[in-house]
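*Asks:*
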Amino acid sequence: MERLIPENRQLGLNYRRVFVMEFRNYYERNQFCSNTMENEQPKNNIKYETDDRNELDRRRFHADSLLDTRREFFSHSDQEKIINNYLLSAIGTLGIASGFVCMTDKEANKHYFAGRGLEQDKIEPLEKNSKKVVQHYFSENQRGISLPPMEARLIPCEDLSDHFSYPHKTMILIRWTINNECLGLTGLGEKILPGAYNDEDQKFLLDLTYNLLSALIHARAANSIRKLKFELQTKNLELEDAVEQVEKNRADLDRRLFHLKSFYDIFHELSGLKDTNRILETFLLMIIGILGAGQSYILLLDRKEKTTCMTCRGIKNENRKKLPQDQINTMINKCFEFAEVHKLGPMNALRLAGRSFWGNTVRPVEAQIEILFVINDSYLGLIGFGNKITRGNFSEDELELLMTLVHHLMVFLDNAKSFETIQRLNIDLEKRNIELGKTIEHLTASRHKIEVLERAKARVKSAIQGEMEKAARISAKDIILICSVSLLLGLVFNYANPVGVSLIPQNWLRKTPSLIDLQWAKLKHDAGAALFVDARPAEFFRQNHIQGAVNLPPALFDFVYMMNFGNLDTQKEIIVYGRNISRHYDEEVLFKLASRGHENVKLFPGGFTAWKRSGFPLGP
Amino acid sequence: MTVIRFVKKGLTHRYLAFVFRLYIAGIFIYASMYKINYTAEFAETIASYQIVPYWGVNILAVVLPWIEVICGILLFAGIRVRSAIAILSFLLLTFTIGIYINLISGSPISCGCFHTIGESISWRTVVRDMIWLGMSIHIFFFDKIFQLGQRFSFTLKEI
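Chains as they are written, first to last, in our numbering: chain U, 1 to 620; chain X, 1001 to 1159.
1. Quick check: what's the CA-CA separation for VAL1062 of chain X versus GLU539 of chain U?
2. Let me know if TRP1066 of chain X comes out buried or exposed under the rule of 16 or more other beta-carbons within 10 Å of its beta-carbon.
3. Counting only Cβ pairs nearer than 9 Å, list the residues of chain U close to SER1083 of chain X.
4. Taking three-plus beta-carbon pairs below 8 Å as touching, is the region 1042-1058 of chain X in contact with the region 1085-1092 of chain X?
5. The region 485-506 of chain U: which residues have C-beta closer than 7 Å to a C-beta of chain X, in chain order?
6. State the CB to CB distance for the pair PHE1076 of chain X and ALA1025 of chain X, rounded to an integer number of angstroms; the pair is presumed to be in contact (CB under 8 Å).
7. Helix, strand or coil, according to DSSP, for GLU573 of chain U in the structure here?
8. Within the region 513-583 of chain U, note down every full alpha helix (DSSP H) run reaching 4 residues or more, in order along the chain.
9. Compute the distance between the beta-carbons of ILE1085 of chain X and SER1032 of chain X, then report whether it is under 8 Å.
10. Kindly indicate the opening and closing residues of the beta strand (DSSP E) around THR276 of chain U.
11. Taking DSSP as the reference, what is the three-state secondary structure of PHE385 of chain U?
12. What's the call for GLU621 of chain U, buried or exposed, on a 16-neighbour Cβ count within 10 Å?
13. Can you look up PHE604 of chain U in the DSSP assignment and give me helix, strand or coil?
14. What residues match up with LEU183 of chain U in a beta bridge as DSSP calls it?
15. Are the C-beta atoms of TYR1034 of chain X and some chain U residue less than 8 Å apart?
16. Comparing C-alpha positions only, which one of U:HIS408, U:LEU87, U:CYS182 and U:LEU481 sits nearest to HIS259 of chain U?
17. Compile a chain-ordered list of the residues in the region 578-593 of chain U whose CB is closer than 7 Å to at least one CB of chain X.
18. Give the DSSP-derived three-state secondary structure of ASN109 of chain U in the structure shown.
19. Assign GLU1044 of chain X to buried or exposed, taking buried as 16 or more other Cβ atoms, counted over all protein chains shown, within 10 Å of its Cβ.
20. Can ILE174 of chain U and LEU154 of chain U be called in contact, C-beta distance under 8 Å?
21. Who pairs with GLY152 of chain U in a beta bridge, going by DSSP?
22. Nearest chain U C-beta to ARG1080 of chain X closer than 8 Å, yes or no?
23. Count the other CB atoms, across all protein chains shown, that sit within 10 Å of the CB of ASP1143 of chain X; report buried if there are 16 or more and exposed otherwise.
24. Just verifying my parser: in three-state terms, what is the DSSP assignment at SER1089 of chain X?
25. Out of U:GLU305, U:GLU281, U:LYS522 and U:GLU467, state which residue places its alpha-carbon closest to the alpha-carbon of TRP611 of chain U.
26. In terms of DSSP beta bridges, what is LEU300 of chain U paired with?
27. DSSP three-state call for ALA370 of chain U: helix, strand or coil?
28. Identify the contact partners of GLU1044 of chain X in chain U, using a Cβ-Cβ distance below 7 Å as the criterion.
29. Determine the direct distance from the alpha carbon of GLY1112 of chain X to that of TYR495 of chain U, and round the result to whole angstroms.
30. How about VAL1057 of chain X: is its C-beta nearer than 8 Å to some C-beta of chain U?
31. Once DSSP output is grouped into helix, strand and coil, what is the label at ILE96 of chain U?
32. Helix, strand or coil: which one does DSSP assign to ARG143 of chain U?
33. Which residue marks the beginning of the beta strand (DSSP E) containing LEU350 of chain U, and which one marks its end?
34. I'd like the list of long-range same chain contacts for CYS33 of chain U, defined as Cβ closer than 8 Å, with 5 residues on each side in sequence excluded.
35. Exposed or buried, what is GLU1068 of chain X when buried is set at 16 or more other beta-carbons lying within 10 Å of its beta-carbon?
36. Run down chain U in chain order and give the residues with a C-beta less than 9 Å from the C-beta of TYR1054 of chain X.
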């Protein structure tokens, strides 16, 4: 805006300079005309000089009027005033009795009308039909033909349309255009003084109209500038509001950033901690730094174990009260009752009402702000803050931040508690794993033992089944075993038995006795030269025997010998017979007789069987 | 048919076989006692049958009584019944054949089953031995109870 004003001034000066130049030209042209007239009428010099002077004065007057009007035009920015001034200037300068100006601004959709020296009944129809009047004279514009900009043109009075009720004695009509959107029409009546409009007047009117056009352009530009300025001011105000809002948002963002940074810092610090005490200490240290609190404490209460865990910052030890167990229990019960009354569920926090809440209950530390937070049904905590270091009160933002961080703390405490539980469970699990490992080892050993026993069982079963099968059938092995055992026992018993028998036949150990064959034996029998001794058992002897033979069985040798052979000559020839497949009785008797001193004893191997087969005499 | 079946069932009953088993076991154990104590006399008895060669008579007299007593004990206890009764059946068959041969040949020998001086062999002796042999065969086929070997089946069930 400040820069526009000098520019308008400069514009005014320029117009003024142009106007002066135009005036100079106008003057020189009139001077030339006057010179020409001097040449043509030299004789009437005095009269003509007077007329020329009047003419020059009139021209000067026109020029001055143009200059003033131009000044006047550029001092206004209202188009209606400019039009009024234009009309007044035209009427006043040329001495016209009446006149009117119609203007249509399509951009602003406005119609201007100004009238002077007209009766009221003439003004009203003109004003009412001003739009139509303008449209009539700018019919080419209605047809879409572009109008030449900054143009002013005189319309002869003969061309005046009869359609419109122009004021009486309208002598001249000027059509002017600024551009296609802004059009106008100027109508002027008769002069007050008799006379028609001469060229100078028409020239003046056209110049004046051009000045009007310049002024209107200037005014429209000024209005546009003013409008732009207003819009700019409005925009500036909106911008200031926006800046203010941005500043506010920025402050809010800064606060949020601070909160987030606090969250991040606390989260970063607490995330690596698993011990409850360290979490409390770290949290308290950071929270007093964030809030600028002078004193603070956190108290954890465990309802199941009836224990407390307290961490303080900025509180001297002498100000801390060591509470007995009953007061701790009272405090725990009060806190849990409060949580139950306010339906404070797990992972929720609530600000306490200070001393009115505690009443007569003794607390370890007095605090300005206290927040009760419930982690689970048996585990809650209290966090308290004393006055700030700046001696101010905690703001709502800080309290909101505090509540948020307390929720944060609850999560970490719950995690720590869970971690402790998990650790405890892990230790138990490890112990159980060790026990399980031992059990598995025992089971493995037992299984191995069972497998060995199973194998043994299978073997035993197989052996028993084998034994059963053996028992159920004849076994050569069994028979051999029975026979072998019997042989062994028999040999052992026979060896130990004093009346045991010799297992080796005795005749195998003795000398071969002298034998006698059947024929010799018959001869001896017939000659009675030999005593025939039947060595067979008495039953066989009694059954049949060689005639004249004497029975002397080995079993009864001593008795029978003593009875029957006691007086027998030892030189007497004795023929002994009697043997079978199983016994050589004859040899036994022969050797016994020999042992008794009988030297001429002969063995008859053929025996009774050969004797009988030969048909030799048998019998007693 | 029912009577025949009843008789057949009675004759093949396992308790009858058990009685026969105890009887045969008792006879052989009893018979072996004398034979063990009087080996020489038993050897004479064996020799009187004139079946065994002279070099094997004494050995047989020493061993045979022990075979009898061991088989008798096994039979009584129910151990290896079939093997034991098979051995005893073989002995009975041998004795019967020996007696039969001596009866045919007219040898005036005593039986010697229980004592050296006893009854002479006769057809009655043959019949007696054949009855015992029949009992042995019955035991071989039908004896199934009170055997020590069956103890294994209980053991198997327990296992």
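Built from N, CA and C at the ideal position, the CB exists for glycine as well.
*Replies:* On the basis of the data shown:
1. Sequence index remark: in the second sequence, residue 1062 of chain X carries index 62 (1-based). Sequence index remark: in the first sequence, residue 539 of chain U carries index 539 (1-based). Looking at the two C-alpha atoms, the distance is approximately 25 Å.
2. Counting from one through the second sequence, the residue named residue 1066 of chain X turns up at place 66. Within 10 angstroms of the beta-carbon of TRP1066 of chain X lie 16 or more other beta-carbons, which makes it buried.
3. For the purposes of this step, residue 1083 of chain X is taken as residue 83 along the second sequence, with counting starting at 1. Result: LYS470, ALA471, ARG473, ILE474, SER475, ALA476, LYS477, ASP478, ILE479, LEU481 and ILE482.
4. With the cut-off at 8 Å, the region 1042-1058 of chain X and the region 1085-1092 of chain X do not touch.
5. Answer in chain order: VAL485, SER486, LEU487, LEU489, GLY490, LEU491, PHE493, ASN494, ASN497, VAL499, GLY500, VAL501, SER502, LEU503 and PRO505.
6. Numbered from 1 along the second sequence, position 76 holds the residue referred to as residue 1076 of chain X. Numbered from 1 along the second sequence, position 25 holds the residue referred to as residue 1025 of chain X. Their Cβ separation, rounded to whole angstroms, is 4 Å, which keeps PHE1076 of chain X and ALA1025 of chain X in contact under 8 Å.
7. Residue mapping note: residue 573 of chain U aligns to position 573 of the first sequence, counting from 1. GLU573 of chain U: coil per DSSP, three-state reduction.
8. Counting whole runs of 4 or more residues, the region 513-583 of chain U contains the alpha helix (DSSP H) stretches 518-527, 538-543 and 557-564.
9. For the purposes of this step, residue 1085 of chain X is taken as the residue at position 85 of the second sequence. For the purposes of this step, residue 1032 of chain X is taken as the residue at position 32 of the second sequence. Taking 8 Å as the cut-off, the Cβ atoms of ILE1085 of chain X and SER1032 of chain X do not count as close.
10. The residue you call residue 276 of chain U lines up with position 276 of the first sequence. Segment 276-291 is the alpha helix (DSSP H) holding THR276 of chain U; no beta strand (DSSP E) there.
11. Indexing the first sequence from 1 puts residue 385 of chain U at position 385. Shown here, PHE385 of chain U sits in a strand according to DSSP, grouped into three states.
12. This structure gives no information on residue 621 of chain U, because the portion of chain U shown stretches from 1 to 620.
13. As a first step, residue 604 of chain U is located in the first sequence; it is residue number 604 there, counting from the start. Residue state, collapsed to three classes: coil.
14. For the purposes of this step, residue 183 of chain U is taken as residue 183 along the first sequence, with counting starting at 1. LEU183 of chain U pairs with U:THR104 and U:THR177.
15. For the purposes of this step, residue 1034 of chain X is taken as residue 34 along the second sequence, with counting starting at 1. Nearest CB-CB separation between TYR1034 of chain X and chain U: not below the 8 Å threshold.
16. Residue numbering aside, residue 259 of chain U sits at position 259 when the first sequence is read from its first letter. Checked all of U:HIS408, U:LEU87, U:CYS182 and U:LEU481; the closest Cα to HIS259 of chain U is U:HIS408.
17. Of all residues in the region 578-593 of chain U, ASN580, ILE581, SER582, ARG583 and HIS584 have a Cβ within less than 7 Å of some Cβ in chain X.
18. Indexing the first sequence from 1 puts residue 109 of chain U at position 109. ASN109 of chain U: coil per DSSP, three-state reduction.
19. In the second sequence, residue 1044 of chain X corresponds to position 44, counting from 1. In summary, GLU1044 of chain X is buried, with 16 or more beta-carbon neighbours lying within 10 Å of its beta-carbon over all protein chains present.
20. What you label residue 174 of chain U is simply residue 174 of the first sequence in a count that begins at 1. What you label residue 154 of chain U is simply residue 154 of the first sequence in a count that begins at 1. Yes, these two residues count as a Cβ contact at 8 Å.
21. For the purposes of this step, residue 152 of chain U is identified with residue 152 of the first sequence, where counting begins at 1. Here residue 152 of chain U turns out to be Ala, not Gly, going by the sequence shown. For ALA152 of chain U, DSSP records a beta bridge to U:TRP176.
22. In the second sequence, counting from the first residue as 1, residue 1080 of chain X sits at position 80. So yes, ARG1080 of chain X belongs to the interface.
23. In the second sequence, the residue the question calls residue 1143 of chain X occupies position 143. Under this definition ASP1143 of chain X is a buried residue.
24. What you label residue 1089 of chain X is simply residue 89 of the second sequence in a count that begins at 1. Helix.
25. Here residue 611 of chain U refers to the residue found at position 611 when the first sequence is read from its first residue. Here the closest residue by C-alpha is U:LYS522.
26. In the first sequence, residue 300 of chain U corresponds to position 300, counting from 1. U:CYS309 and U:GLY381.
27. On the first sequence, residue 370 of chain U is found 370 positions in, with the first residue counted as 1. Residue identity differs from the one stated: residue 370 of chain U is Glu in this sequence, not Ala. Strand, per DSSP.
28. Within the second sequence, the letter at position 44 stands for residue 1044 of chain X. Those are ALA555, listed as they occur along chain U.
29. The residue labelled residue 495 of chain U in the question sits at position 495 within the first sequence. The residue labelled residue 1112 of chain X in the question sits at position 112 within the second sequence. CA-CA distance, TYR495 of chain U to GLY1112 of chain X, rounds to 23 Å.
30. For the purposes of this step, residue 1057 of chain X is taken as the residue at position 57 of the second sequence. Closer than 8 Å: yes.
31. As a working note, residue 96 of chain U is residue 96 in the first sequence. Three-state DSSP puts ILE96 of chain U in a strand.
32. Numbered from 1 along the first sequence, position 143 holds the residue referred to as residue 143 of chain U. In the structure shown, ARG143 of chain U sits in coil (DSSP, three-state: anything other than H, G, I, E or B).
33. Here residue 350 of chain U refers to the residue found at position 350 when the first sequence is read from its first residue. 348-351 is the span of the beta strand (DSSP E), which, as asked, contains LEU350 of chain U.
34. As a first step, residue 33 of chain U is located in the first sequence; it is residue number 33 there, counting from the start. Caution applies to CYS33 of chain U, whose pLDDT of 47 falls short of 50 and renders its modelled position unreliable; the model cannot decide the point.
35. For this step, residue 1068 of chain X is matched to residue 68 along the second sequence. Burial call: buried.
36. On the second sequence, position 54 is the one that residue 1054 of chain X refers to. Going along chain U in sequence order, the residues near TYR1054 of chain X (Cβ under 9 Å) are PRO505, ASN507, ARG579, ASN580, ILE581, SER582, ARG583 and HIS584.
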